[in-house]
Each structure stands twice: as C-alpha cells, then as structure tokens.
Amino acid sequence: LNKAQTLEKLLQYMAEAHANQADIIAVGETWFSGYPSWLDFCPNVALWDHAPTKEAYLLTYQNALALSDPEVERIRKACKDFNLAMVLGINERVENGPGNGSLYNTILTFGKDGELLNHHRKLVPTYTERLVHAPGDGAGLHTVRIDDVQVGSLICWEHWMPLTRQTLHNEGEHLHFCLWPWVHEKHQIATRHYAFEGRCYVVSIGQIMTASEIPDFLELPASISPDHLLLKGGSCVVQPNGDYLLEPDFKTRGMLLVDIPNFDACTKEKMTLDTSGHYQRNDVFELKVNKQRN
C-alpha cells in the first residue's frame, strides 16, 4: 500500500525482464498497490462503521491507480523503453464521472510500444472483496495481439464463470494470464482446466505476503505471527494439453522466467477439442456478450 515504492519495484522487475530478453511480464491480482488480504484475516473488518476498515479503504484508495496518473505514464514509457509488453493487476481509482469514489479490481494490458491495449475490470468481486471493489463490466472481455500471439487475461474467480471463459476461447487465445492472490490447489485446478479447455498456454501468477505487511492499525488474530504467510505464491505455467510447463512455485519471492518457443501445441491440441469450433454447437447454444463500459 505504497504507490511510489510499488512503482519502483515494478520498474526494477521490468528492467530485470528486459535483461533476460523477455517479451512480456505479468503480476498478480491488484498487485499495484496490494491485494486486500486483511479482508480475509482481520476480525471485525465487516462491522458497520468500523473505523480501522475505513482507514484501510482510504489507504487502498490513495495508493490505487487512475489511468490519468503520472505513474501510468511512467509504466507506458518503461514498456516502450524496454520493448516489453505487460499484464498489470491494479486497484483502479476513477477520477471523475461514473464510478468515481469506487475502486475496481482491474487488469491493464500494455503493448511493447507502451500503448494501453486492454482495460478489464473484474466482473464480480469475490465474497469479501465486495467491501472494497465495485463490479466491473464486459468492455475488457477480449484478447489483444502481441507479436502475432493472441493474448488474454482474467482475474481470479472469473475462471469459474463458464460464459466468461467461452468469450475468450472464442477469440482464439494462444496465451492466457490468470491473476490470483495466490494459486492454491483449487486455483491450480482452474488453471489446468482453462488450458485444456481453451487449448492455450496459461500463466498463473500468485503472490507472497506475510502478516507483517498488513497495516498495523488492523487487528490480526493472536495465533498469526508477523512472519505467517497470508499469500503463498504458487505461480505456474500450463500447456494446452493441461500438463505443467512450469510446476507451481511456492517459495520464490521475485521473478520467474519461462520460455515458450512457439505456440504450435495450441493448434495440435485443437484436433481433438476445439470449444469454439468442431466441439461446439452454435446451432444449439447462443452466446451474447455486452461489451459496453458501465
């Protein structure tokens, strides 16, 4: 929950990715400037008029990103300077107009030239997240083209929403990013299922956070020590056949690098299952998607 420090850390990661000749970098759900784990671990946060909760919301709001912020311009410039695309999970603040005063759980996807290619807001904040985040819309439910690769992304439990998955499958994804707080066992299932169903490579990003990183004005149970892991990582990469390319990593607090030489496997696996083609019944089912911004 520190916008300036988060930006500097992001720029360091981008420089490291560039040094390793990466084409695209991604971080987890609301990584900028922090997933609100206190919703799940701190007692009393759901009480009406609870002063520490309001303070935590204020801190989250003050360190969220608006599209017009200078930090966003610095990120765009870094993408261009490093020739690096990015999938960035943020707490989004709206400056004016519809939605001002609310926060959104958002993905910003930037191209290598720094252009904002997609702006997706999580459709349904999950359970306790509804205390912090407003519901999104369908305006960002599409893929983007990066280096002749069709790239898409969704946030957390959007991967349990069948019609949301199908909307992106219909756009022929080669590479999909799942943004999570952390990738525990059920999230691993969702990751592998998405890869198998969509016949695409899936990069799942988890985060590591200790109890010491919760704002000190929020109460934690006595049983939780400062070094207790609230978010436990689990980042992984899955191939279009559902097998791991990169096994889940629950230890690394930093960057993981993975090489995908080509995307031929996406086509090969569609010989047996293509949920937008020969394994779909468009004469039986009809999918309509409202892609208007609220």
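Under the numbering used here, think of the first position of the sequence shown as -18, with each following residue one higher.
Heads up, the beta-carbon is just placed ideally off N, CA and C, and yes, glycines get one too.
In whole angstroms, what is the alpha-carbon distance linking residue i and residue j?
i, j, result
"N99", "L(-12)", "20 angstroms"
"P207", "I56", "32 angstroms"
"A113", "E36", "Checking the displayed sequence, the identity of residue 113 turns out to be Val instead of Ala. Each residue's Cα considered, the two are about 12 angstroms apart."
"L97", "T87", "13 angstroms"
"W141", "Q169", "12 angstroms"
"T172", "C181", "11 angstroms"
"S185", "K58", "26 angstroms"
"P162", "T233", "15 angstroms"
"H259", "R102", "31 angstroms"
"L104", "H123", "13 angstroms"
"A280", "S204", "The chain is shown from -18 up to 275; residue 280 falls before or after that span and cannot be answered."
"P17", "E110", "8 angstroms"
"C247", "L156", "9 angstroms"
"Y42", "R74", "7 angstroms"
"E76", "G82", "8 angstroms"
"V132", "V125", "5 angstroms"
"P242", "L28", "51 angstroms"
"D128", "N64", "11 angstroms"
"L227", "I189", "18 angstroms"
"L84", "G121", "16 angstroms"
"L89", "E52", "13 angstroms"
"D255", "W12", "33 angstroms"
"D21", "V270", "32 angstroms"
"L39", "F198", "13 angstroms"
"L201", "P33", "12 angstroms"
"N(-17)", "F266", "47 angstroms"
"A47", "D264", "43 angstroms"
"G214", "E166", "11 angstroms"
"Y(-6)", "V239", "15 angstroms"
"F158", "G117", "18 angstroms"
Check the DSSP bridge columns for residue i and list the partner residues they point to.
i, result
"L112", "The partner list for L112 (beta bridge, DSSP) is empty, contrary to what the question assumes."
"E73", "L46 and Y85"
"V191", "Residue 191 is actually Thr in this sequence, not Val. Partner(s): L210."
"I186", "L160"
"R126", "Q131"
"A66", "I5"
"V218", "V184 and L227"
"I136", "L160"
"F13", "I71"
"T90", "V68 and N99"
So does residue i have its beta carbon nearer than 8 angstroms to some heavy atom of the ligand FMN?
i, result
"Y85", "The ligand FMN is absent from the structure shown, which contains no ligand whatsoever."
Using DSSP with H/G/I as helix, E/B as strand and the rest coil, what is residue i?
i, result
"H181", "Here the sequence assigns Cys to residue 181, which means His is not the residue at that position. Looking at C181 - three-state DSSP - the assignment turns out to be coil, as it is neither helix nor strand."
"H157", "strand"
"K103", "coil"
"Y38", "helix"
"E228", "strand"
"A203", "coil"
"V53", "helix"
"T(-13)", "helix"
"L28", "coil"
"R262", "coil"
"D245", "helix"
"M(-5)", "helix"
"P196", "coil"
"H23", "The sequence given here places Cys at residue 23; His does not occur at that position. Correct three-state label for C23: coil."
"A171", "helix"
Check the C-beta distance from residue i over to residue j and give it rounded, since I have them as a contact under 8 angstroms.
i, j, result
"L160", "E(-3)", "With 8 angstroms as the limit, L160 and E(-3) do not qualify as a contact, their Cβ atoms being about 20 angstroms apart."
"S14", "V68", "About 17 angstroms separates the two Cβ atoms, so there is no contact after all."
"G92", "A66", "6 angstroms"
"V219", "V183", "5 angstroms"
"T148", "E139", "With 8 angstroms as the limit, T148 and E139 do not qualify as a contact, their Cβ atoms being about 10 angstroms apart."
"P287", "W19", "As shown, the chain starts at -18 and ends at 275. That puts residue 287 outside it, with no answer to give."
"Q261", "G119", "Contact doesn't hold; Cβ gap of about 20 angstroms is too wide."
Taking residue i as the reference, give the member of the options with the closest Cα.
i, options, result
"D94", "E250, S257 and I5", "I5"
"G223", "L238, P242 and K251", "K251"
"G153", "W138, V130, E73 and Y(-6)", "V130"
"C23", "P221, L211 and V265", "L211"
"M236", "V8, K(-16) and Q2", "V8"
"L(-9)", "P143, D245, G70 and L84", "G70"
"D230", "C217, Q261, L238 and Q(-14)", "C217"
"Q2", "D264, Q(-14) and C60", "C60"
"Q(-14)", "A45, D264 and K249", "A45"
"D62", "N25, H(-1) and T253", "H(-1)"
"P221", "K167, C137, Y175 and T107", "Y175"
"F244", "G179, E54, N275 and I136", "G179"
Does residue i have its Cβ less than 9 angstroms from a Cβ in chain C?
i, result
"W161", "This model lacks chain C altogether; it includes just one protein chain."
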